[in-house]
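Here the structure is laid out as structure tokens; the discussion comes afterwards.
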Ligand SMILES: [Cu+2]
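Residue numbers (my numbering), protein chains in the order written: chain Z, 5 to 376; chain G, 1059 to 1115.
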């Protein structure tokens, strides 16, 4: 008897140690919003309830197996039912479940209440980047992964934020309620940032809502978490939370830059300027499919370098870029790139890699086509 | 009638006395159990809905 008690305590102790040891290394983050804290504490409470239930149930079971084994002369009793025991083992789980459901539902209600937001941001998933639009502020940009291909292919050592870094992060203010309106252009993606406790599917044709109020400035990283095609692993999310004044300054600066860009539509652009801009747009948007040297990856992605139809027919070329090719992976860029970017990338693809047409496509021309 | 209601409630809860079960099967027809079952199911839904609405005030 003494010995079996020692064994039992040992086993129980061990059963408690394992989750404790795991809790810190692999647990979900506490996060930086009130909601994320609530979710974390719910998770911990429910986790410990489960641990206690597990220890008690398996403890009783193993103790009984051991204590009442046949070699010690134990004899099975043979009764059919015991209503009292049955009522207890039905009522106790019922109470535990209701006890967990009440605080969980209260938190869920908070998560769904996106009303009274001070800032609205449209988040659009695209193969394979995120697009952020600050609604009513005329600020919008694409956020592309910035990890170099050489690191992915193993030619260079991996950086600190390998596959979790972008060219332009989503910038948000702390202490303000920000509402996200989330959708997708092509297939289902999912916007997930653990520290913000937001994990929301973005679905073409639907708009999902979510919200955050961040308590601490900082950089929070996440990923697309819905398998969305070839480069699913390469569309990370970076959120940069700024103090309120810093955010206002940032937004004002971005608005001004947007105005500058809009003015750029009206002026005449030099070929070199367009080429420089176009190379950058191509690298961040088109190269994932048509490849860095325009060689494509036939048959899936046609080559743009040395593409006779492209060289001969500007109208056809522009139609592909503006309207995409429905039923294929080629997206329509009329909504996601501005006239300057479209003119620049068209110019670049008409003059790079030996496509020496000499055409300088003007942003004004694109703007006119877009308004038709 | 009271016996039928008690048996249906016991079924909702998932625990029944063997003696009561034997009695239920002497009755012959299941119609009363089905009717009471449907009615009490509706009552349960309404009660849960009311509690939920009240609690979310
Ligand atoms: Cu995705």
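Cβ atoms here follow ideal geometry from the backbone N, Cα and C, with glycine treated the same way.
Original post:
From 161(Z), 137(Z), 189(Z) and 194(Z), pick the residue whose C-alpha is nearest to that of residue 173(Z); which is it?
Top reply: Restricting attention to 161(Z), 137(Z), 189(Z) and 194(Z), the CA atom closest to the CA of residue 173(Z) is found in 137(Z).
Subject >> Selection of the region 44-71 of chain Z by Cβ proximity to chain G, strictly under 8 Å >> reply: If you check each beta-carbon in the region 44-71 of chain Z against every beta-carbon of chain G, none falls closer than 8 Å.
Original post:
Can a CB atom of chain G be found closer than 8 Å to the CB of residue 91(Z)?
Top reply: A Cβ of chain G is located within less than 8 Å of the beta carbon of residue 91(Z).
Original post:
Just to confirm, are residue 120(Z) and residue 140(Z) a CB contact at a threshold of 8 Å?
Top reply: Contact: no.
Original post:
According to a CB-to-CB cut-off of less than 9 Å, which residues of the region 1094-1115 of chain G neighbour chain Z?
Top reply: So the close ones are 1110, 1113 and 1114.
**OP:** Apply the 10 Å Cβ neighbour rule to residue 163(Z) and answer buried if 16 or more other Cβ atoms are within range, or exposed otherwise.
**Re:** The residue is exposed, with fewer than 16 neighbouring Cβ atoms inside 10 Å.
Original post:
For residue 329(Z), which of helix, strand or coil comes out of DSSP?
Top reply: Of the three classes helix, strand and coil, the one that applies to residue 329(Z) here is coil, per DSSP.
Original post:
Helix or strand or just coil, what does DSSP make of residue 190(Z)?
Top reply: Residue 190(Z): coil per DSSP, three-state reduction.
Subject >> Residue burial classification, residue 352(Z) (beta-carbon count within 10 angstroms, cutoff 16) >> reply: Buried is the label assigned to residue 352(Z), since at least 16 other Cβ atoms lie within 10 Å of its Cβ.
Original post:
For the region 111-124 of chain Z, which residues have a CB atom closer than 8 Å to at least one CB atom of chain G, in sequence order?
Top reply: Legend: CB atoms of the region 111-124 of chain Z lying less than 8 Å from CB atoms of chain G belong to residues 113.
Original post:
Tell me which same chain residues have a C-beta within less than 6 Å of the C-beta of residue 364(Z), skipping the five on either side of it?
Top reply: These residues qualify, in order along the chain: 275, 278 and 351.
Subject >> Sequence-distant residues of its chain with Cβ nearer than 7 Å to residue 41(Z) (five each side left out) >> reply: The answer, listed in chain order, is 34 and 35.
Subject >> residue 1093(G) to residue 1070(G) span [Cα, whole Å] >> reply: Residue 1093(G) and residue 1070(G) have their C-alpha atoms roughly 14 Å apart.
Original post:
Cβ of residue 237(Z) versus every heavy atom of ligand 1: is any distance shorter than 7 Å?
Top reply: Relative to ligand 1, the beta carbon of residue 237(Z) is positioned no closer than 7 Å to any heavy atom.
**OP:** Measure the C-alpha to C-alpha separation of residue 31(Z) and residue 267(Z) and round it to an integer number of angstroms.
**Re:** The alpha-carbon atoms of residue 31(Z) and residue 267(Z) are separated by roughly 50 Å.
Subject >> Proximity of residue 258(Z) and residue 217(Z) at Cβ, strictly below 8 Å >> reply: In this structure, residue 258(Z) keeps its C-beta atom at 8 Å or more from the C-beta atom of residue 217(Z).
Original post:
Under the criterion of a Cβ to heavy atom distance below 7 Å, does residue 193(Z) qualify as lining ligand 1?
Top reply: True, at least one ligand heavy atom lies under 7 Å from that Cβ.
Subject >> Where residue 298(Z) falls, given that 16 or more other Cβ within 10 Å makes a residue buried >> reply: Looking at its Cβ environment, which holds 16 or more other Cβ atoms inside 10 Å, residue 298(Z) is buried.
**OP:** Drop a sphere of 10 angstroms on the beta-carbon of residue 70(Z), count the other beta-carbons inside from all chains shown, and report buried for 16 or more, exposed for fewer.
**Re:** Per the 10 Å Cβ criterion, exposed.
Original post:
Checking contacts by CB at 8 Å: is residue 4(Z) closer than that to chain G?
Top reply: The shown model of chain Z, from 5 to 376, leaves out residue 4(Z), and the question about it has no answer.
Original post:
Looking only at DSSP bridge pairs, what is residue 86(Z) linked to?
Top reply: Within the DSSP secondary-structure output, residue 86(Z) pairs in no beta bridge.
Original post:
What's the C-alpha gap between residue 61(Z) and residue 1104(G)?
Top reply: Their Cα atoms are separated by approximately 35 Å.
Subject >> residue 54(Z) CB to nearest heavy atom of ligand 1 below 7 Å >> reply: Residue 54(Z): no, Cβ never under 7 Å from ligand 1.
Original post:
Would you say the region 336-346 of chain Z touches the region 247-261 of chain Z, given that touching needs at least three Cβ pairs under 8 Å?
Top reply: Taking one beta carbon from each stretch, the region 336-346 of chain Z and the region 247-261 of chain Z have fewer than 3 pairs nearer than 8 Å; the two do not touch.
**OP:** Check the C-beta distance from residue 246(Z) over to residue 178(Z) and give it rounded, since I have them as a contact under 8 Å.
**Re:** Yes, residue 246(Z) and residue 178(Z) are in contact; Cβ-Cβ is about 7 Å, under 8 Å.
Subject >> Simplified DSSP assignment, three categories, for residue 52(Z) >> reply: Helix.
Subject >> Proximity to residue 273(Z) [Cα-Cα], best of 367(Z), 142(Z) and 55(Z) >> reply: Of the listed residues, the one whose Cα sits closest to residue 273(Z) is 367(Z).
Original post:
Do you know whose CA, among 213(Z), 59(Z), 54(Z) and 290(Z), lies nearest residue 146(Z)'s CA?
Top reply: Closest by alpha carbon: 290(Z).
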